[in-house]
Structures are given as structure tokens and as C-alpha cells.
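Notes to accompany the following structure.
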Amino acid sequence: MGVWQLASVLVGQELLVPAPAVVGATLLGMAATPGFWAVTGWSLLRILAGFIAGVVAGCGAAALTTRFRLVDAVLSPALRVVRAAPVASFVILALVWIPTGRLPAFIAFTMVVPVVWDTVAEGLRRQDRALLELATVFRFGWWQTVRRVRIPSLLPYLSTAAATGMGLAWKSGIAAEVIARPPLSIGGQLQDAKVYLDTPAVFAWTITAVALSLALERLLRRLLGRWNGPAPERLEPAGGPGDARP
Amino acid sequence: MPVLESVDFAYRADRPVLRGFSLALPETGTVCLLGPSGCGKTTVLRVLAGLETVQAGTVSGLAGRRVSMVFQENRLLPWETARQNASTRDDAGTGAAWLQALGLGDSLDRRPGELSGGMARRVAIARALAAPSDLLLLDEPFAGLDEPTWQDAARRIAAVGAHRLTVLVTHVPDHAAALGAAIVRLDGPPLRVVS
Numbered sequence: 001m002g003v004w005q006l007a008s009v010l011v012g013q014e015l016l017v018p019a020p021a022v023v024g025a026t027l028l029g030m031a032a033t034p035g036f037w038a039v040t041g042w043s044l045l046r047i048l049a050g051f052i053a054g055v056v057a058g059c060g061a062a063a064l065t066t067r068f069r070l071v072d073a074v075l076s077p078a079l080r081v082v083r084a085a086p087v088a089s090f091v092i093l094a095l096v097w098i099p100t101g102r103l104p105a106f107i108a109f110t111m112v113v114p115v116v117w118d119t120v121a122e123g124l125r126r127q128d129r130a131l132l133e134l135a136t137v138f139r140f141g142w143w144q145t146v147r148r149v150r151i152p153s154l155l156p157y158l159s160t161a162a163a164t165g166m167g168l169a170w171k172s173g174i175a176a177e178v179i180a181r182p183p184l185s186i187g188g189q190l191q192d193a194k195v196y197l198d199t200p201a202v203f204a205w206t207i208t209a210v211a212l213s214l215a216l217e218r219l220l221r222r223l224l225g226r227w228n229g230p231a232p233e234r235l236e237p238a239g240g241p242g243d244a245r246p
Numbered sequence: 001m002p003v004l005e006s007v008d009f010a011y012r013a014d015r016p017v018l019r020g021f022s023l024a025l026p027e028t029g030t031v032c033l034l035g036p037s038g039c040g041k042t043t044v045l046r047v048l049a050g051l052e053t054v055q056a057g058t059v060s061g062l063a064g065r066r067v068s069m070v071f072q073e074n075r076l077l078p079w080e081t082a083r084q085n086a087s088t089r090d091d092a093g094t095g096a097a098w099l100q101a102l103g104l105g106d107s108l109d110r111r112p113g114e115l116s117g118g119m120a121r122r123v124a125i126a127r128a129l130a131a132p133s134d135l136l137l138l139d140e141p142f143a144g145l146d147e148p149t150w151q152d153a154a155r156r157i158a159a160v161g162a163h164r165l166t167v168l169v170t171h172v173p174d175h176a177a178a179l180g181a182a183i184v185r186l187d188g189p190p191l192r193v194v195s
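Same order as they appear, the protein sequences are chains A and B.
Quick note on numbering: the working numbering labels position 233 of the first sequence as 233, and the sequence is numbered without any gaps.
Quick note on numbering: the working numbering labels position 160 of the second sequence as 160, and the sequence is numbered without any gaps.
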């Protein structure tokens, strides 16, 4: 806030860097209108839809690429390309294929999938063989193995992936809204504010987006954290020198 | 009756652990495989548990036997309490009863991270005893337990051992004696029976 205020005083141009007080007033003024809530609500809905679909697809991709070598050979390079491609290229390409209303969700989806895939696949590869053997010996069966061993050991990875993915979904989703401009969208409002040189509104919408993103990320961590146990203990020999083992 | 006949097994081709190894086990009772560390006796347990497939020879007499095991490591699920860990079936009661019998009545709801090494070891023992089994495999089960504790645990294992086959792996003769086990002396690798 101090840096912001200082910058605004030094630049002395409301158009370039509006004062925090001006932005605050703009934000309050916007928040009093029903339109503001419709805009944020729709953006939230679009981006969440993309995010959730992305998490589901990312987990599915991780399960497939770690299980089947052939799928890994086909899907993994494709996902790496998607991860490396600039958001803007995707948006412009996707504009050709997809109705503007669904585009931000699709873009958020494409950003979330590779991140979730990568992290969850890593978690799957690092599944503790010792605990899976335990499940085999004690005849846990498929469901008990998933519920008692696989899911709990994946949760730390999933939680990291979801938190990172949430941030990315917001950034890319709103960037997509700026370009595709669906009615009732934060990105569309940002673009309008830019066109009318309404810099305080640009700041106010940005603050709204950041606040929502942080709130969602925190909510997500809390949800996944409650489900999560303490960090896994390292498996150590119970004492005594080891026997011949791989 | 479980029999290993002329079994070969190696984790790495240049270092065989079992080479032409044969061993006949009784239908029920307690057998101790006694041998120095690193001789390959854990590998025999892993073969009996069905965790390793032999590369040559035959393993017979294991079909239909329900296995229960104390691994060399505790292998507790870090996210579950002692009570949950000891219950590999749906009945939490049996696991809790064994935990109580082994002196862990006050720690039923603690997780492995909150237990001492010896307590965690006893949870692993309770889990193995609570699971219904015809073949109980014990890999250095008393490692890290002080003398009164392991002797008490050994008495309880011996008391329920009559109707199943118990195979104990250890390098401590006292542990075998406490379970009243028939001793098979081993050396290796590659593993061989010392007559």
C-alpha cells in the first residue's frame, strides 16, 4: 500500500497510477451495484467449472500415463506442449473453435490439466511400495487399497496441484475473458475500463480478481487439509541390521 | 504342507539370494529360520508371503492360506491411528483388543508419528495377530523392544499359534526359544541350511 501510494504521488497522473483512496472508492462504488456481483459471479462460475474439469481430467491423465506405457508415450508430450504454450495463443486458436461464453472455462481447463497431471503423476510414481505390499499381504482388496493407502498418500500432491492450478485458472481465465469478452465477465470489464481509460476501475477489478483467487485458494487448502493426515513418516527398519533386500 | 523345492531367486542377476534352495515346513506349528543378517532369510518370507515370484524351482502348499505378517519395518499407515492400523478387516474390535493385550490401551487413537519405536513395533505385531491367518510370518518381530516387552509379546504369540503355521525369521536365538520354535539354521548368501 505504501509503495502504491508513493508511486501514485510520484507519477502524479490518475490515468497511470491512481491513488489507493480513489481505487478504494471506485471499488466500493462498483460493489454497491448488482451488476458487479453478476459479473464476478459469472466469472467465478466459468473459471471454477474449468478448474474442476481440469482437476478431474488431470487426475485421469495421471492415472493413465503412469499405468499404461503407450498412453504415456502419446499423452505426455502433448501435455508438455500444452503446458509450454502461451495462454494468448490458446485463446486466439480457441476463439475459432469455441463459443466465446465457454472459452474462459476451456482456457482455465487447458492450464490446469498439465499442472495437475504432472504433480499427481509424480505422486503416483512415488507411491510407497512398502505400503502397497502391506495391502497385498493383508488382502485389502482394490477398494480398501485405494481408500486406505493410495488416496491418503496422494493427497499432499493433489493439494499442491489444486492450489497451483487454482491460481493459474484465475490468471488464464481472466486473460481469456479480456480477449473473448463474454458478457458479464471480469475480463470484459477490464477491457472496457481500459478502452475508456478508466484506470481506477482497472485496478479495482484486478483487486477483485486477486481477492477472489486468494480466498478460493485458501478455501481449497482448508478443504484438502482437513482430509489430510500428518506428513508421512519415513519407513525405517524397526531396529537391528537389515536382511538381504533389493 | 508348504514346500520350497530347488528355488532360485535374485534381486540382481549377479548376486543370487536363493540358489537351489529347498525347505519343507510343517502344516502347523512354529518354525524359526535362524541365521546371520543378510543371509537371505527375509527373502524366504517374502516368497512365502507371495510378494516375490521365484525364478526357478517350485513353491507348493501355500494355496488358500491366509497370510499375516510382521514386516522387518513397521509399515504402519501414517495417516491412521493405532486402532485403525491394527484393523485390516472391518472389525475394529479385534485390533483394539490386541493393542490392549500388548500394553497399548492408552494409545489406541494415536498416530504412528506420536508413538515411540517400540510402541509402533507393537502396533505392527497387534495388526498381524488381529488379522485372521493360517500362515503367520514374523520378520525380526521383536527388534527394538526391551526384554520384558518382547517376552510378553512372545508368550501371547505362542499362546495363539497352535492352529496355524508360524514362521519366525531372526538372528537372536532367544527369540526363537521364547516362541518354542523348531530351529532351522541358515547361512548365506546364497541361502543354505546348515546341518
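Every residue gets a Cβ at the ideal spot worked out from N, C-alpha and C, and that includes glycine.
Those residues of the segment 148-159 of chain A placed with their C-beta closer than 9 angstroms to a C-beta in chain B are R148, V149, P152, S153, L155, ordered along the chain. Listed in chain order, the non-local C-beta contacts of A/V56 below 8 angstroms within the same chain number zero, local neighbours out to five positions each way being set aside.
Using a 10 angstroms sphere on the CB of B/Q72, the tally of other CB atoms reaches 16 or more, which defines it as buried. Among the residues of chain A, none has a CB under 7 angstroms from the CB of B/V193; the nearest is roughly 16 angstroms distant. Runs of the alpha helix (DSSP H) spanning 4 or more residues and lying entirely within the segment 65-100 of chain A occur at 69-84, 87-97, in chain order.
Spanning the alpha carbons of A/L134 and A/W143 requires a straight line of approximately 14 angstroms.
A check of alpha carbon separations from B/R110 across B/V123, B/A128, B/A101 identifies B/V123 as the nearest. In this chain, the beta strand (DSSP E) harbouring B/D187 covers 182-187. A Cβ of chain B is located within less than 8 angstroms of the beta carbon of A/L131. Among the residues facing chain B, A/L124 is not included, as its CB has no counterpart in that chain under 8 angstroms away. The continuous alpha helix (DSSP H) containing A/T145 extends over residues 141-145. The Cβ neighbour count for B/P78, taken over all protein chains shown within 10 Å, is at least 16; the residue is labelled buried.
In the same chain as B/L135, and ignoring 5 residues on each side of it, the C-beta atoms closer than 6 angstroms to its own belong to R65, V67, L165, in chain order. When rounded, the separation of the alpha-carbon atoms in B/H171 and A/V120 is 41 angstroms. Inter-segment contact for the segment 66-74 of chain A and the segment 4-14 of chain A is absent: fewer than three beta-carbon pairs are separated by less than 8 angstroms.
Note that the C-beta distance between A/V137 and B/L104 is not below 8 angstroms. Per the coordinates, the alpha-carbon of B/A158 lies some 7 angstroms from the alpha-carbon of B/G180. Classified as exposed, A/S89 has fewer than 16 neighbouring CB atoms from the shown chains inside 10 Å of its CB. If you look at B/T58, you'll find it in the beta strand (DSSP E) that goes 56-60.
Nearest in C-alpha terms to A/F109, of all of A/A161, A/I47, A/M1, A/R148, is A/I47. The C-beta of B/T88 comes closer than 8 angstroms to at least one C-beta of chain A. DSSP places B/F9 in no alpha helix (DSSP H) but in the uninterrupted beta strand (DSSP E) bounded by 3-12. Chain-order list of chain B residues neighbouring A/L214: empty, with the shortest C-beta distance near 28 angstroms, by a criterion of under 7 angstroms.
In this structure, the straight-line span from the alpha carbon of B/E147 to that of B/V167 is close to 21 angstroms. Sequence-distant partners of B/S60 (beyond 5 residues in either direction) whose C-beta falls short of 6 angstroms from its own C-beta, in its chain, are V3. Assigned with DSSP and collapsed to three states, B/G38 falls in coil, not helix or strand. Residues of chain B with a Cβ closer than 9 angstroms to the Cβ of A/F106 do not exist; the shortest Cβ-Cβ separation is about 36 angstroms. Measuring C-alpha to C-alpha distances from A/S76 to each of A/P20, A/E177, A/V113, A/A38 identifies A/V113 as the nearest. In the displayed model, B/L104 falls within coil according to three-state DSSP, outside both helix and strand. Distance from the Cα of A/G167 is smallest, within the candidate group A/G54, A/A62, A/I92, for A/G54. For B/S87, the three-state secondary structure derived from DSSP is coil.
Contact annotation for B/S68 against chain A: V137, F138 [CB-CB distance below 8 angstroms, chain order]. Taken atom to atom, the span from the alpha-carbon of A/I52 to that of A/W4 is near 35 angstroms. If you look at B/R121, you'll find it in the alpha helix (DSSP H) that goes 117-130. The distance from the Cβ of B/A86 to that of B/R19 is about 38 angstroms, inconsistent with a contact at the 8 angstroms cut-off. Put simply, the CB of B/W79 is near chain A, with a gap under 8 angstroms to one of its CB atoms.
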